[in-house]
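>
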Amino acid sequence: MNKKALLYGLIYSITFISIKLTVLLGGYSLNNFGYYFSNISCVLLIIPFYFIALKHIRDKDYKGVISGKESIRLLLSIFGVSAIITGIYNFIEFEYFGKNLAINYYNSEKFLIYLKNQSKIKVEDYVKIIAEQIDNASSFKSTTSKLFSAILISTSSAFIVASIMKRNSK
183 MNKKALLYGL
193 IYSITFISIK
203 LTVLLGGYSL
213 NNFGYYFSNI
223 SCVLLIIPFY
233 FIALKHIRDK
243 DYKGVISGKE
253 SIRLLLSIFG
263 VSAIITGIYN
273 FIEFEYFGKN
283 LAINYYNSEK
293 FLIYLKNQSK
303 IKVEDYVKII
313 AEQIDNASSF
323 KSTTSKLFSA
333 ILISTSSAFI
343 VASIMKRNSK
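Now the structure itself:
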């Protein structure tokens, strides 16, 4: 593995964790940005890291010429490092904070409004639905769902960035 790719993966992971901790410890987890957009924003943040890392590695280590295959290998190395670190972070975050956040969310007015907007759900079933949602919240499910979105976005972005940034010798 390229050491610079490892370094960029670590830097991205630190940035990801810093943003997520700011949202979590700042009390923004249940507002619109924190609940709906903080994770996807952090996942999309890998795209600028890909561009910066590939340009830096291509220009310094490969003298400005890099193949598409090598570009993909470097970018997927960055993703691999970041997926492992952010996956561990997501698991730990849910273990320490996620269950309480789930309880607070499912007992909130926001979730009650969501239930009321579902015409097929009867009012007498609200308590049962809330209890099921809280019981089904788990660290594994939370981490898996976050890693799944990261895999989809990060791998497809890696291929796009590699095709844009590669330079073949002619």
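When we follow our numbering, the leftmost residue of the sequence shown carries the number 183, and every step to the right adds one.
Just so you know, even glycine gets a beta-carbon here, dropped at the ideal spot from N, CA and C.
Run through DSSP, which three-state label would I303 get?
Here residue 303 refers to the residue found at position 121 when the sequence shown is read from its first residue. Coil.
> Taking 8 Å as the limit between beta carbons, can you name the residues of its chain near S351, skipping five residues before and five after?
By 1-based counting over the sequence shown, the position of residue 351 is 169. Because S351 carries a pLDDT of 49, less than 50, the predicted location of this residue cannot be relied on, and no value is offered for it.
> What does the Cβ neighbour count give for I260, buried or exposed, with the cut at 16 atoms within 10 Å?
Numbered from 1 along the sequence shown, position 78 holds the residue referred to as residue 260. Buried: at least 16 other Cβ atoms inside 10 Å.
> How long is the line joining the alpha carbons of D317 and F293, rounded to whole angstroms?
The sequence position of residue 317 within the sequence shown is 135, counting from 1. The sequence position of residue 293 within the sequence shown is 111, counting from 1. It is roughly 16 Å from the alpha-carbon of D317 to the alpha-carbon of F293.
> Just tell me which of L257, S223, F215 and L188 has its CA closest to the CA of F233.
Translated into positions along the sequence shown, residue 233 becomes position 51. Of the listed residues, the one whose Cα sits closest to F233 is L257.
> Among F215, F231, G250 and T326, which residue has its Cα nearest to the Cα of I274?
Stepping through the sequence shown from its first residue, residue 274 is reached at position 92. Checking every option, the nearest Cα to that of I274 belongs to T326.
> Just the C-alpha distance for I295 and I303, rounded to the nearest angstrom, thanks.
Position 113 of the sequence shown, counted from the start, is the residue given in the question as residue 295. Position 121 of the sequence shown, counted from the start, is the residue given in the question as residue 303. I295 and I303 have their alpha carbons spaced roughly 12 Å apart.
> F187 and I254: beta carbons closer than 9 Å?
Mapped onto the sequence shown, residue 187 falls at position 5. Mapped onto the sequence shown, residue 254 falls at position 72. Per the sequence shown, the amino acid found at residue 187 is Ala instead of Phe. No, the Cβ-Cβ distance between A187 and I254 is not below 9 Å.
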